[in-house]
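2 protein chains.
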Amino acid sequence: MKTLRLHPQDNLLVALDALPKGCELSADFKACNDIPKMHKVASQTIAAGEKILKYGQVIGQATQSIAAGEHIHTHNCAMGNFERDFAFCSQIRPTQFVPTNAKRQFQGYHRPSGKVGTRNFIALVTTVNCSATAARHIAEQARLGQLLDGFDNIDGIVPLVHSSGCGMNPNSRGGHILARTLAGYAVHPNFGGVITLGLGCEAMQLNHLMRDYGLVESEFFRAYNIQDVDGTAKAIDHGLGIIREMLPRVNAVKRQATDASHLTLAVQCGGSDAFSGITANPALGKAADTLVAQGGTVIYSETPEIYGAEHLLTQRAETPESAQAIVDLISWWENYTLMNGVELNNNPSPGNKAGGLTTILEKSLGAMAKAGSTNLRAVYQYAEQVKEKGMVFMDSPGFDPVSVTGQVASGANVVCFTTGRGSAFGHKPVPSLKLASNTALYERMTGDIDINCGKAIEGGSLEASGAEIFETILRVASGERTKSELLGYGDNEFTPWPMGAVV
Amino acid sequence: MKTLRLHPQDNLLVALDALPKGCELSADFKACNDIPKMHKVASQTIAAGEKILKYGQVIGQATQSIAAGEHIHTHNCAMGNFERDFAFCSQIRPTQFVPTNAKRQFQGYHRPSGKVGTRNFIALVTTVNCSATAARHIAEQARLGQLLDGFDNIDGIVPLVHSSGCGMNPNSRGGHILARTLAGYAVHPNFGGVITLGLGCEAMQLNHLMRDYGLVESEFFRAYNIQDVDGTAKAIDHGLGIIREMLPRVNAVKRQATDASHLTLAVQCGGSDAFSGITANPALGKAADTLVAQGGTVIYSETPEIYGAEHLLTQRAETPESAQAIVDLISWWENYTLMNGVELNNNPSPGNKAGGLTTILEKSLGAMAKAGSTNLRAVYQYAEQVKEKGMVFMDSPGFDPVSVTGQVASGANVVCFTTGRGSAFGHKPVPSLKLASNTALYERMTGDIDINCGKAIEGGSLEASGAEIFETILRVASGERTKSELLGYGDNEFTPWPMGAVV
Ligand SMILES: [Ca+2]
Ligand SMILES: [Ca+2]
Ligand SMILES: [Ca+2]
Ligand SMILES: [Ca+2]
Ligand SMILES: [Ca+2]
Numbered sequence: 066m067k068t069l070r071l072h073p074q075d076n077l078l079v080a081l082d083a084l085p086k087g088c089e090l091s092a093d094f095k096a097c098n099d100i101p102k103m104h105k106v107a108s109q110t111i112a113a114g115e116k117i118l119k120y121g122q123v124i125g126q127a128t129q130s131i132a133a134g135e136h137i138h139t140h141n142c143a144m145g146n147f148e149r150d151f152a153f154c155s156q157i158r159p160t161q162f163v164p165t166n167a168k169r170q171f172q173g174y175h176r177p178s179g180k181v182g183t184r185n186f187i188a189l190v191t192t193v194n195c196s197a198t199a200a201r202h203i204a205e206q207a208r209l210g211q212l213l214d215g216f217d218n219i220d221g222i223v224p225l226v227h228s229s230g231c232g233m234n235p236n237s238r239g240g241h242i243l244a245r246t247l248a249g250y251a252v253h254p255n256f257g258g259v260i261t262l263g264l265g266c267e268a269m270q271l272n273h274l275m276r277d278y279g280l281v282e283s284e285f286f287r288a289y290n291i292q293d294v295d296g297t298a299k300a301i302d303h304g305l306g307i308i309r310e311m312l313p314r315v316n317a318v319k320r321q322a323t324d325a326s327h328l329t330l331a332v333q334c335g336g337s338d339a340f341s342g343i344t345a346n347p348a349l350g351k352a353a354d355t356l357v358a359q360g361g362t363v364i365y366s367e368t369p370e371i372y373g374a375e376h377l378l379t380q381r382a383e384t385p386e387s388a389q390a391i392v393d394l395i396s397w398w399e400n401y402t403l404m405n406g407v408e409l410n411n412n413p414s415p416g417n418k419a420g421g422l423t424t425i426l427e428k429s430l431g432a433m434a435k436a437g438s439t440n441l442r443a444v445y446q447y448a449e450q451v452k453e454k455g456m457v458f459m460d461s462p463g464f465d466p467v468s469v470t471g472q473v474a475s476g477a478n479v480v481c482f483t484t485g486r487g488s489a490f491g492h493k494p495v496p497s498l499k500l501a502s503n504t505a506l507y508e509r510m511t512g513d514i515d516i517n518c519g520k521a522i523e524g525g526s527l528e529a530s531g532a533e534i535f536e537t538i539l540r541v542a543s544g545e546r547t548k549s550e551l552l553g554y555g556d557n558e559f560t561p562w563p564m565g566a567v568v
Numbered sequence: 066m067k068t069l070r071l072h073p074q075d076n077l078l079v080a081l082d083a084l085p086k087g088c089e090l091s092a093d094f095k096a097c098n099d100i101p102k103m104h105k106v107a108s109q110t111i112a113a114g115e116k117i118l119k120y121g122q123v124i125g126q127a128t129q130s131i132a133a134g135e136h137i138h139t140h141n142c143a144m145g146n147f148e149r150d151f152a153f154c155s156q157i158r159p160t161q162f163v164p165t166n167a168k169r170q171f172q173g174y175h176r177p178s179g180k181v182g183t184r185n186f187i188a189l190v191t192t193v194n195c196s197a198t199a200a201r202h203i204a205e206q207a208r209l210g211q212l213l214d215g216f217d218n219i220d221g222i223v224p225l226v227h228s229s230g231c232g233m234n235p236n237s238r239g240g241h242i243l244a245r246t247l248a249g250y251a252v253h254p255n256f257g258g259v260i261t262l263g264l265g266c267e268a269m270q271l272n273h274l275m276r277d278y279g280l281v282e283s284e285f286f287r288a289y290n291i292q293d294v295d296g297t298a299k300a301i302d303h304g305l306g307i308i309r310e311m312l313p314r315v316n317a318v319k320r321q322a323t324d325a326s327h328l329t330l331a332v333q334c335g336g337s338d339a340f341s342g343i344t345a346n347p348a349l350g351k352a353a354d355t356l357v358a359q360g361g362t363v364i365y366s367e368t369p370e371i372y373g374a375e376h377l378l379t380q381r382a383e384t385p386e387s388a389q390a391i392v393d394l395i396s397w398w399e400n401y402t403l404m405n406g407v408e409l410n411n412n413p414s415p416g417n418k419a420g421g422l423t424t425i426l427e428k429s430l431g432a433m434a435k436a437g438s439t440n441l442r443a444v445y446q447y448a449e450q451v452k453e454k455g456m457v458f459m460d461s462p463g464f465d466p467v468s469v470t471g472q473v474a475s476g477a478n479v480v481c482f483t484t485g486r487g488s489a490f491g492h493k494p495v496p497s498l499k500l501a502s503n504t505a506l507y508e509r510m511t512g513d514i515d516i517n518c519g520k521a522i523e524g525g526s527l528e529a530s531g532a533e534i535f536e537t538i539l540r541v542a543s544g545e546r547t548k549s550e551l552l553g554y555g556d557n558e559f560t561p562w563p564m565g566a567v568v
C-alpha cells in the first residue's frame with residue numbers, strides 16, 4: 066500500500082513512500098510528478114478555487130486546476146478567507162450515544178465524591194519546594210519500611226513536589242494556577258488518601274489553600290506544616306504516622322464494575338513526526354469518539370497548537386459561550402507570548418513543509434485529530450475541575466509535563482500520549498498510554514511504548530487502531546499496568562504551569 | 066541585657082524586650098515611651114535633620130528633635146534625598162588581607178580546571194524534564210546495587226532534574242539562563258564526574274549545550290540521549306555502565322590542604338524574622354569579611370531585596386562598571402515585574418513596621434548585612450561563572466532554591482543560609498549551613514539548624530558568632546556534614562530560574 070486515503074470525502078491521497086513520476090496510483094491515474102514520502106497527491110481532478118479536503122476537512126483551496134495524480138503542495142494549494150471563518154457553532158452534530166446494551170464497563174474505585182478512580186494511591190501534596198524533600202523522604206521511608214506490605218490494594222505513595230510556592234504572589238494568575246493545581250490533585254479520585262505538607266512561612270499558605278478550595282481535614286485528608294511540628298525529622302515521623310493510620314482505610318476500597326462514562330481521557334501529543342497526524346492522532350481520535358459515545362469525557366489541550374486554526378473549534382462548539390472562550394484564550398495567548406518575547410506560530414515550518422504539510426489548517430488538523438470529531442462541549446481554564454461530559458478543551462501550553470499536570474488536576478483519570486520521536490513520559494497517579502506514530506519507533510522503544518499506531522498504514526486501519534486504543538484504555542483503567550508504570554515513571558513529571566515573575 | 070547597640074557609631078539601641086516607659090536604659094537616661102520589642106530607642110539627643118545611624122549606616126533622618134530614651138520610628142524618622150545618592154564608588158575602602166602567617170586552610174578536592182571542590186559527587190545533569198525519571202533511576206539503581214561500595218571517597222550520585230527544557234525557546238533569555246545553569250553544574254568542582262542526559266527531541270539540545278559552553282566528552286564528562294540508545298531501560302543501563310567506568314577515577318582524587326582563598330561562599334536568607342537583621346545576617350557578614358580577608362569569594366544575591374537601597378551597593382562598588390551594572394539590574398527588575406504584574410516593593414510592610422523596621426534602608430541593611438562590609442568587586446548575571454575574588458553580586462530572585470541554584474552554578478562551594486522562621490533547605494552538591502536568628506528557633510529545630518546566632522544577643526557577640534560561622538565553614542568545606550546533609554536534603558532543590566512563557 067503506497068498511498069493512504071484518510072477520509073472517504075478526501076480528494077487526495079497521502080504518499081506512504083516516495084512515489085516516482087509515472088507510477089500507477091489507481092486503475093485510473095498515475096503520478097504526474099515525483100511525490101515525496103508523506104506528501105499529498107490529488108485523487109481526482111480539482112478545479113481552481115475548489116476546496117482541498119484531508120481528514121474530510123478543508124485544508125485549503127486549489128490556486129490552479131489540479132489533475133488526478135498531481136502533487137498537491139504550496140505551489141497549488143493555499144488558504145482562502147473562507148477557511149478562517151469562526152462561524153460559531155455552525156458545525157455541531159448530535160452526539161451518537163451507544164444504546165444501553167452496548168455500554169462498556171471498567172473496574173474502578175468509587176469515591177465518596179461520586180468520582181471514580183483508576184488507581185488507588187496516597188498523595189503527598191506539597192505547597193512549596195521547601196517541603197519537597199520531606200515529602201519524598203516520607204514516601205521513601207514508607208517504601209524502605211515496607212509499610213504497604215499487606216495492603217495490596219494500594220498502588221503506592223506519590224510525592225507531588227514542585228519548584229514554586231514562594232517568591233511569588235499567591236493572588237496573581239500564577240498563584241491561582243498553582244493553588245488550583247494543588248487542590249485538583251488533592252481531590253483527584255486516583256488518590257484514596259491525601260496528605261498536604263507545607264513548610265509554614267511560604268507564600269502559598271496551606272490554610273488559605275484549604276479555605277479557598279473547601280478542603281477539610283478528614284480521615285482521608287490531612288494537612289500540616291514542617292515548622293509547626295518542629296522540623297524535618299518530626300515532620301517525616303508525623304507523615305509516616307498519618308500514613309499508618311490511613312493505610313487500612315485506603316486499602317478497604319475495592320474496584321467495582323463502572324460504566325465507561327466515568328472515564329475522563331486526557332489526549333496529548335509530544336515529539337510529533339510526519340506520521341503523527343495520519344496514524345497515532347487520528348487513531349486516538351477514533352478512541353476519543355468511542356469514549357464520548359459511551360458517555361465519557363475527553364480533555365483536549367495544548368492551546369498554542371491550535372493557533373491559527375481555532376475556528377475549527379469555534380465551529381464545533383455547542384454554545385456561543387464556549388466558542389467565545391476559545392477566541393478569548395487565543396487572544397490571551399497572543400498577548401502573553403508577545404509580552405514574553407516568544408513567537409506564537411503554528412504555521413508549518415520549513416521542516417514541516419519538507420515533510421509534506423502545506424497549510425496551518427492541515428498541520429492543526431493533524432494535531433486536533435486526536436480529540437476526535439465530536440462537538441466541543443465546554444472550555445476550561447488550566448487545572449479547572451471538568452464537569453461536562455463529552456469533548457472539552459482545557460487551556461494549557463503544549464509542553465507535555467505542564468499540559469498533563471493541568472489535565473490531571475482537571476480530573477483526567479487516563480492519559481493517551483501520541484509520539485513520533487519517542488517521548489519518555491509517565492504521570493502518577495494517572496496511567497499514561499504511549500502511542501507510537503510509526504512502527505520503527507515502536508520496535509526501537511517497545512519498552513516505553515504501549516501501542517503501535519504505525520500498523521494503521523501497514524495493512525491495518527485507523528478504526529482498528531482506535532479500537533485497540535479504546536480496549537487498552539478499559540484494561541488499563543481496570544488496573545493493567547502501562548509501560549511507563551512498569552518503568553517506574555511518574556514521580557518527576559508533576560509540573561504546575563509556571564507563570565509570572567519569581568521574586 | 067535589654068538593649069543592643071549594633072555599631073559603635075550608632076545613635077540608637079535596639080530593644081531586645083518590650084521596655085516600659087520609665088525603665089532605666091543607662092546611667093544617663095530612661096525610656097521616654099513604651100518601646101515595643103525589637104524597636105529602636107535613641108541613645109543620645111538627635112537634632113531635627115540629623116542622621117539616624119544603625120549598623121553604623123544611615124537609615125534616615127530625624128524629622129523632629131529626638132531625646133535620649135525616645136522611641137524612634139516612622140513618627141520621627143524618615144528618608145531624605147541624601148540617602149538615595151548613587152555616588153558610584155564613593156565608599157570603597159582598601160581590603161585588609163591577612164598576612165601569610167594568618168592564612169587558614171581547608172581540605173579540598175583539586176580539579177584539573179584549577180578549581181577546588183568541597184565534596185566529591187557524580188552528577189546526572191538533565192537537559193529536559195523528559196530525562197528526569199531516567200536520571201533518578203540511574204542514581205537509585207546505583208544505590209540499590211551498592212555500586213559505590215568500596216569507593217568511600219565519593220559522596221554520592223546527584224540527579225539534577227528540573228521542569229523545563231522544552232516548550233520554550235532555547236535562544237530566549239530564559240533559555241540562556243537554563244543552559245548557563247546546566248553548564249555551570251557540569252563544570253562545578255564538587256563533581257568528580259558528570260553525565261549529561263537528554264531525551265533527544267527537546268528544545269534544549271544536548272549537542273548545542275555542549276557546543277555553546279565548550280563541554281567536551283572525556284573520562285570525567287559523558288553525554289547521551291535516551292532516544293539515541295533506544296529507550297528508557299537501555300538509557301538506564303547505559304548510565305550505570307558509565308558510572309561503573311567512572312567510579313575508580315572519581316574515587317582516586319583525595320582531599321588536600323588548600324588555602325581558604327579557594328572557598329566561594331554563597332550567602333542567602335529565607336524565612337527572615339525581626340531578629341535576622343540584628344543577629345544571623347550581621348554575624349554571617351562578619352564571617353564573609355573574614356573570608357574576603359583570606360582572599361576568598363562571597364556571592365551575594367537576591368536582587369529584589371536590595372530594591373530601593375541599591376545605592377548602598379553602588380557606593381561600595383570598586384568600579385563604575387560594577388555600580389552601573391547594579392543600576393541596570395534594578396531597572397531590568399522594575400520592567401520585568403511590571404510586565405508580569407508583580408509588585409517590586411521592598412518597603413517595610415505593616416508587619417515589618419510593627420516589628421520595628423522604619424525605612425527601606427533599615428530593612429535592606431538588615432538583609433545586606435550578611436554580605437559583610439567589603440567592597441563590591443563585580444556583578445554577574447544569574448548562573449554566570451564568578452571569576453573575581455572578594456564580595457561579588459549575582460543577580461537572582463530572592464526565592465531560596467532559585468537563588469542558590471544560580472549561586473552554585475556560578476561556582477559557590479559553600480552556602481550559608483540565615484533563617485528566622487526555620488527554612489527547610491539543602492542543596493547538593495554543595496553543603497549548606499543553616500543559621501538561626503533566634504535561640505527559640507534553634508532549640509525547636511535543632512535537627513535542621515547548624516548554628517544558633519541568637520547567642521549574639523544573649524551574652525555572646527556578633528564577632529563571636531561570625532568566628533563560629535567561619536570555623537564551621539572550614540570544617541564543613543573539609544568534609545564535616547551539615548545538618549541538611551545528615552537529613553538527606555539536596556536532591557529536590559535544583560531550580561534553574563524559570564523565565565519566559567512556556568508554550
Ligand atoms: Ca503536542
Ligand atoms: Ca504536548
Ligand atoms: Ca555520547
Ligand atoms: Ca531573602
Ligand atoms: Ca532567599
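First to last, the sequence lines map onto chains A and B.
Going by my numbering, the first sequence opens with residue 66, and the numbers climb by one from there.
Going by my numbering, the second sequence opens with residue 66, and the numbers climb by one from there.
Note that beta-carbon positions come from the ideal geometry of N, C-alpha and C, so glycine has one too.
Just so we're clear, the structure is a prediction, and the values are computed from it rather than from any experiment.
- Chain-ordered, the chain A residues with CB closer than 8 angstroms to the CB of Y554 of chain B read T198, T297.
- Classified as buried, P369 of chain A has 16 or more neighbouring CB atoms from the shown chains inside 10 Å of its CB.
- Excluding sequence positions up to five before and after E267 of chain A, its CB lies within less than 7 angstroms of the CB of T192, V193, C195, G230, C231, all in the same chain and listed in chain order.
- Annotation for D150 of chain A indicates a beta carbon at 6 angstroms or more from all heavy atoms of ligand 2.
- With respect to the C-alpha of P254 of chain A, the residue from A:I514, A:G476, A:S543, A:K351 having the closest C-alpha is A:G476.
- Taking 8 angstroms as the upper bound for CB-CB distance, A352 of chain A and F162 of chain A are not in contact here, some 16 angstroms apart.
- For the stretch 220 to 236 of chain A, residues whose beta-carbon sits nearer than 7 angstroms to a beta-carbon of chain B comprise V226, S228, C231, G232, N234.
- Taking all protein chains in view, the Cβ of G145 of chain A is surrounded by fewer than 16 other Cβ atoms within 10 Å, so the residue is classified as exposed.
- Around the C-beta of M404 of chain B, fewer than 16 other C-beta atoms lie within 10 Å, and the residue is accordingly described as exposed.
- For a Cβ distance threshold of 7 angstroms, nothing in chain B lies close to N400 of chain A: the least Cβ distance comes to about 10 angstroms.
- Excluding its 5 nearest sequence neighbours in each direction, R381 of chain A has C-beta neighbours in its own chain below 7 angstroms: Q156, I157, N440, L441, listed in chain order.
- Contacts with chain A at 7 angstroms (Cβ-Cβ) do not include Q446 of chain B.
- Burial state of H140 of chain A is exposed, judged by a 10 Å Cβ sphere holding fewer than 16 other Cβ atoms.
- Scanning B:L378, B:L422, B:N346 for the CA closest to the CA of T484 of chain B turns up B:N346.
- Annotation for M433 of chain B: the continuous alpha helix (DSSP H) segment containing it runs 425 to 433.
- For the pair L498 of chain A and D515 of chain A, the CB atoms are nearer than the 7 angstroms cut-off.
- Using a Cβ-Cβ cut-off of 7 angstroms, L356 of chain B does not count as an interface residue toward chain A, since no Cβ of chain A sits closer than that to its own.
- Closest in alpha carbon position to M311 of chain B, among B:P496, B:A188, B:A339, is B:A188.
- Cβ-Cβ distances below 6 angstroms link A197 of chain A to T191, V226 in the same chain, with the five nearest sequence neighbours on each side left out; the list follows chain order.
- Counting C-beta pairs with one atom in each stretch, the stretch 460 to 471 of chain A and the stretch 407 to 415 of chain A have fewer than three that are closer than 8 angstroms, which means they do not touch.
- Inside the stretch 377 to 449 of chain B, DSSP marks whole beta strand (DSSP E) runs of 3 or more residues at positions 441 to 445, from first to last along the chain.
- Pairing S326 of chain A with G544 of chain A, the inter-Cα distance amounts to about 17 angstroms.
- In the same chain as L527 of chain B, and ignoring 5 residues on each side of it, the C-beta atoms closer than 7 angstroms to its own belong to P347, A348, K351, A521, in chain order.
- Taking the C-beta atoms as reference points, A566 of chain A is found no nearer than 7 angstroms to V567 of chain B.
- In the DSSP assignment, I534 of chain A falls within the alpha helix (DSSP H) that extends over 527 to 542.
- Collapsing the DSSP output to three states places S196 of chain A in a helix.
- Closer than 6 angstroms to some heavy atom of ligand 2: that does not describe the Cβ of S549 of chain A.
- The residues C97, A107, T110, in chain order, have a CB closer than 7 angstroms to that of A132 of chain B in the same chain once the five nearest residues on each side in sequence are set aside.
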